[in-house]
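So the number in this note's numbering is just where the residue sits in the sequence shown, counting from 1, plus 313.
Cβ atoms here follow ideal geometry from the backbone N, Cα and C, with glycine treated the same way.
It should be emphasised that the depicted structure is a prediction, and the values quoted were computed from it without experimental measurement.
Quick notes on the structure that follows.
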Amino acid sequence: MNTDINHILVNGAQIAFSKLKRAQSFNGRLYYYAEIGVYMEVSLSHGAGITADTHEQIKTIYNEATRFHMGESKRSRIFL
């Protein structure tokens with residue numbers, strides 16, 4: 314049972330990151346970035362069966378999403 318929540322969290326964060334990369338607007342990217350942030354917050358919960366490995370995987374996804382979102386935001390401002 315504990316592994317189910319870990320898989321759900323990691324897969325959910327990965328799906329949100331994929332959608333973030335495909336989003337066509339700032340608002341779309343912001344929505345999926347915030348969703349990844351929620352997965353990050355949940356992964357910090359203690360006593361819910363969430364492993365340190367799950368937290369590290371989500372942290373990696375979150376860091377990649379941060380770089381991507383900031384890069385796209387910067388790029389879109391250059392072309393305005």
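| Item | Value |
| --- | --- |
| Residue from T373, I374 and L322 whose Cα sits closest to the Cα of S356 | L322 |
| Residue environment, N376, which counts as buried when at least 16 other CB atoms sit within 10 Å | exposed |
| Three-state secondary structure assigned by DSSP to G442 | This structure gives no information on residue 442, because the portion of the chain shown stretches from 314 to 393. |
| C-alpha distance - T364 paired with S386, whole-angstrom precision | 33 Å |
| Nearest residue (CA-CA) to M353, options D317, Q370, G362 and Y344 | Q370 |
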